[in-house]
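Here the sequence shown stands for residues 539 to 1265, where the numbers follow the working numbering.
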Amino acid sequence: MCKKFIFLVSLVLVLGLVLTSAAGAADPDLVGWWKLDEGSGDTAIDLSGSGNDGTVHYADSGGMDAGGSAWFNDPERGMVLSFNGDNSSGAYVSTDLIIPAMTMENDFTWAFWGKQEGDGTGVNEMILGNRFSGTQSPLQFIKFTPTRFEFFNDDYNYEEGINYEPVPGDEWVHHVVVKDGTSLTYYRNGEEAGTNTITKTIDENPFYIGGEPEGYRWAGRISDARLYTKALTVPEILGAMEGSGEVWPYASSPNPADGALHEDTWVSLSWRPGPFAVSHDVFLGDNFDDVNNGTPDSPVFRGNQGDSFMIAGFAGFPYPDGLVHGKTYYWRIDEVNEAEPNSPWKGEIWSFSIPPKTAYDPVPSDGAEAVALDADFSWTGGFGAKLHAVYFGDNFDHVSNAAGGAPQGAITFTPPGPLELAKTYYWRVDEFDPPTTYKGDVWSFTTEGTATNPNPAKGAVDVSPTPILKWTPASLAASHEVYLGADADAVKNATKASPEYKETKALGEESYDAGRLELMTTHYWRIDEVNGTNPGSPWIGNVWDFTTGDFLVVDDFEAYNDIDPPDEASNRIFDNWIDGFGTTTNGALVGNDLPPYAEQTIVHGGAQSMPYFYDNANKTSEATLTLVYPRDWTEGGTTKLSLWFRGASANAADRMYVALNGTAVVYHDDSAATQLSGWKKWVIDLAAFGVDLTNVNSITIGVGTKNAPAPGGGTGTLYFDDIRLIR
539 MCKKFIFLVS LVLVLGLVLT SAAGAADPDL VGWWKLDEGS GDTAIDLSGS GNDGTVHYAD
599 SGGMDAGGSA WFNDPERGMV LSFNGDNSSG AYVSTDLIIP AMTMENDFTW AFWGKQEGDG
659 TGVNEMILGN RFSGTQSPLQ FIKFTPTRFE FFNDDYNYEE GINYEPVPGD EWVHHVVVKD
719 GTSLTYYRNG EEAGTNTITK TIDENPFYIG GEPEGYRWAG RISDARLYTK ALTVPEILGA
779 MEGSGEVWPY ASSPNPADGA LHEDTWVSLS WRPGPFAVSH DVFLGDNFDD VNNGTPDSPV
839 FRGNQGDSFM IAGFAGFPYP DGLVHGKTYY WRIDEVNEAE PNSPWKGEIW SFSIPPKTAY
899 DPVPSDGAEA VALDADFSWT GGFGAKLHAV YFGDNFDHVS NAAGGAPQGA ITFTPPGPLE
959 LAKTYYWRVD EFDPPTTYKG DVWSFTTEGT ATNPNPAKGA VDVSPTPILK WTPASLAASH
1019 EVYLGADADA VKNATKASPE YKETKALGEE SYDAGRLELM TTHYWRIDEV NGTNPGSPWI
1079 GNVWDFTTGD FLVVDDFEAY NDIDPPDEAS NRIFDNWIDG FGTTTNGALV GNDLPPYAEQ
1139 TIVHGGAQSM PYFYDNANKT SEATLTLVYP RDWTEGGTTK LSLWFRGASA NAADRMYVAL
1199 NGTAVVYHDD SAATQLSGWK KWVIDLAAFG VDLTNVNSIT IGVGTKNAPA PGGGTGTLYF
1259 DDIRLIR
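The structure is reproduced here in structure tokens:
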């Protein structure tokens, strides 16, 4: 999927979309715009300028994620609003907006990004709009559901609307409905996906998000909902999908679709021109960087043309000898208009692949772990393959060099004999397209019986140099042997006599403190599962790897737990960050009153952040961590302190500061930093503290002016995460 369209996997509903001009002024047709990224509280701010702020009902308990909060930090969309779908206690948003009456003449657009939980089978689940909270006599409603955009007035039925393909579950999708006079058009991910002509009208109605007071609540997540009193054009829809209000000037809708498998050796490329384009610069090649960096002087430039299509793979066209099986091709369209100062508009890189003549897409996938002993084996046949020969064994060289396998027509395979626990197997599929045999790659997998779910994940980068390694035990394990080192082969072949062996952990203790590792270095680790009562023990684990980042961790909040004293394992966040609990001069409280004590929904990185509640009425708020490591803040050449924080517009405006050793203070540049919403990175040059950086014994995060409480101070909630020292 192209980068500019990465958010096309969201569900956008546009009812009367109002664009923002290039100068940033609100479009008068935008009557409601809720980004739903506040992250806390029960207010959803309307950014349209119309004053239609929403109220989030059950904000603390009606979400679908851990902890119950309706606010969720999504890895793709950032902070979004989450709905659990419960008709009595699920979150929903009521707004001050009244949906304008729908006539035969007026226009509107509804848009939003959404990620539906499961298949959304309840046909009356309401994503946007209303059901029974509007006009009752005659009964009227208008709403988006998982299967249609529908409206109802007295004696006519749901056919007055658009039925569409069910919304795919558990992925972000962008939905738009545009009314242009009597024409109604539905767009999914920027592409037209349904039309209808209206014959009825609808009176004014209230507008809700995710459900309404009477129920009909939907389960999923929503971001960037908009309503406009105009019919958006396709370029405007694409701009809204990107989160802006400007016309989308780029080429779009590539054919073949981005990432497609194109089963031929020639291709007709086509695209939707940008609205300002007079001509198009076409770039095509088999190297991503060449196409991405291509200029009209480079070999991948195929010319400037007025048509929005181009052929390749025939004589007289690019690649006259045909496209090559097994290759991926990249292409780019720059939109050109010499009369426009912003021209050319460089396009995204799209790709398509020609299927290889060798077998591909094995199941289990190459390198798969924890494969069931009775797993089914299959693959996708190579282009033109008529027969297949399968080779299977537990020795790479034997499988790689094998020949003379029996041909078969099926693209499935059953291994000979039962598979063994925790063992690595190899297999190869050769394809036969008379008279040629195409030798396949050797694939591998490891059966169940080993530890799984490594954390850090296999191949993870930018990992803390003081990581806690975690894993999921195998079903037969009674204990675990931990191996760690900087050489992959050494870790793979290590025994308990090797320096890579670290320690044995009991069942139930699936974690290991790796200590201090070198910065920007790849490390390898292995967990062997042990059970002295089983003759197959030990079960040798897979070798996983991760690469440490270029930073030192002051606190990432991952080590804190919900275990209460006197248990020796207790490590609660508020027992480490000392706040104002029990005092009259310090208004800070960190951590939640009940487990989970650390925040597990509103996070920047990892699984936890620090919730920070402040009350500055005649007080200053501070929370202080006494440092164990790192105390030498010059280690590794670090020169800056970096931390992420998140405020909210509903917070009382106040200063924010960091203090070292209790006295050296640096304030945030924004005097109302507490009101900054969304995660913000704060970087401080360590020299600004003016202290001995080789002996830092504490760090304090404060709100207000240190040692100068203000009588009129207010309250609010902040979140902090990923406090690091960087170079």
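Glycine included, C-beta positions come from ideal geometry on N, C-alpha and C. It should be emphasised that the depicted structure is a prediction, and the values quoted were computed from it without experimental measurement.
N-terminal and C-terminal residue of the beta strand (DSSP E) that residue i is part of
i, result
"Asp-776", "As written in the sequence, residue 776 is Leu, which differs from the Asp given in the question. Element bounds for Leu-776: not the beta strand (DSSP E) but the alpha helix (DSSP H), 772-779."
"Ser-808", "805-810"
"His-1206", "Unbroken run through His-1206: none, as it is neither H nor E."
"Phe-921", "No beta strand (DSSP E) holds Phe-921; DSSP gives it neither H nor E."
"His-1018", "1017-1023"
"Arg-1262", "1253-1264"
"His-1142", "Per DSSP, His-1142 belongs to no beta strand (DSSP E) and is neither H nor E."
"Gly-570", "568-572"
"Ser-846", "No beta strand (DSSP E) contains Ser-846, which DSSP labels as neither H nor E."
"Val-594", "592-595"
"Phe-650", "645-654"
"Ala-1044", "1039-1044"
"Phe-970", "962-971"
Straight-line gap, residue i to residue j (C-alpha atoms, nearest Å)
i, j, result
"Asp-796", "Thr-866", "11 Å"
"Val-594", "Thr-1121", "33 Å"
"Val-705", "Leu-1181", "38 Å"
"Gln-946", "Ala-927", "6 Å"
"Leu-974", "Lys-924", "What sits at residue 974 in the sequence shown is Thr, not Leu. One C-alpha to the other measures close to 10 Å."
"Ser-817", "Trp-965", "50 Å"
"Gly-978", "Phe-951", "15 Å"
"Gly-1252", "Ser-1002", "36 Å"
"Ala-582", "Met-779", "20 Å"
"Asp-914", "Ser-938", "21 Å"
"Val-661", "Glu-886", "Because Val-661 carries a pLDDT of 41, less than 50, the predicted location of this residue cannot be relied on, and the following value inherits that uncertainty. In a straight line, the C-alpha of Val-661 is about 37 Å away from that of Glu-886."
"Thr-1085", "Thr-647", "47 Å"
"Glu-1096", "Gly-832", "44 Å"
"Gly-860", "Gly-841", "19 Å"
"Ala-941", "Tyr-976", "12 Å"
"Ala-561", "Trp-1171", "For Ala-561, the predicted structure reports a pLDDT of 29, less than 50, and the residue's modelled location is therefore unreliable. The matter cannot be settled from this model."
"Trp-572", "Ala-1191", "22 Å"
"Tyr-630", "Asp-1066", "48 Å"
"Leu-666", "Arg-1184", "28 Å"
"Ser-559", "Val-714", "Note that Ser-559 scores a pLDDT of 32, beneath 50, so its modelled location is shaky; the value from the coordinates is reported in the next line. Looking at the two C-alpha atoms, the distance is approximately 20 Å."
"Asp-1051", "Ser-1159", "33 Å"
"Pro-1168", "Glu-1038", "25 Å"
"Met-640", "Asp-741", "6 Å"
"Leu-1256", "Asp-802", "56 Å"
"Trp-710", "Gly-656", "12 Å"
"Val-1241", "Arg-1064", "45 Å"
"Asp-1131", "Phe-1112", "10 Å"
"Lys-1040", "Met-1148", "32 Å"
"Ile-849", "His-863", "17 Å"
"Leu-551", "Ile-680", "A caution first: Leu-551 carries a pLDDT of 34, below 50, which makes its placement in the model unreliable, though a value can still be read off. Answer to the nearest angstrom: the Cα atoms are 13 Å apart."
"Ala-487", "Met-642", "No answer is possible for residue 487: it lies beyond the span of the chain, which begins at 539 and ends at 1265."
"Ala-1126", "Leu-1224", "25 Å"
Residue i: first and last residue of the uninterrupted alpha helix (DSSP H) it sits in
i, result
"Val-1029", "1026-1031"
"Val-829", "826-830"
"His-936", "934-939"
For residue i: DSSP bridge partner residues
i, result
"Phe-679", "Phe-690"
"Asp-872", "Asp-819"
"Thr-1085", "Thr-1060"
"Asp-612", "Gly-616"
"Met-664", "Arg-755"
"Met-640", "Ile-740"
"Tyr-1008", "Rather than Tyr, the amino acid found at residue 1008 in this sequence is Lys. Looking at the DSSP assignment, Lys-1008 forms a beta bridge with Asn-993 and Ser-1049."
"Lys-1218", "Phe-1183"
"Leu-861", "Per DSSP, none; premise fails for Leu-861."
"Asp-1223", "Lys-1178"
Sufficient close CB pairs (3 or more, under 8 Å) joining the stretch 595-615 to the stretch 727-745: With contact defined as three or more Cβ pairs closer than 8 Å, the stretch 595-615 and the stretch 727-745 are not in contact.
Stretch pair the stretch 865-879 + the stretch 896-913: three plus CB contacts closer than 8 Å: Result no; under three Cβ-Cβ pairs closer than 8 Å.
Three or more C-beta pairs below 8 Å linking the stretch 1066-1079 and the stretch 1146-1163: Taking one beta carbon from each stretch, the stretch 1066-1079 and the stretch 1146-1163 have fewer than 3 pairs nearer than 8 Å; the two do not touch.
Every unbroken beta strand (DSSP E) within the stretch 1080-1133, with a cutoff of 3 residues, ordered by chain: As far as the stretch 1080-1133 is concerned, its whole beta strand (DSSP E) runs of at least 3 residues are 1081-1086, 1089-1093 and 1126-1128.
contact_flag[the stretch 586-600, the stretch 1103-1121] where n(CB pairs < 8 Å) is 3 or more: Taking 8 Å as the limit for Cβ pairs, the verdict is that the stretch 1103-1121 does not touch the stretch 586-600.
Sufficient close CB pairs (3 or more, under 8 Å) joining the stretch 762-773 to the stretch 847-858: These segments do not touch.
Contact between the stretch 807-823 and the stretch 782-794 (3+ Cβ pairs under 8 Å): Contact holds: three or more Cβ-Cβ distances are below 8 Å.
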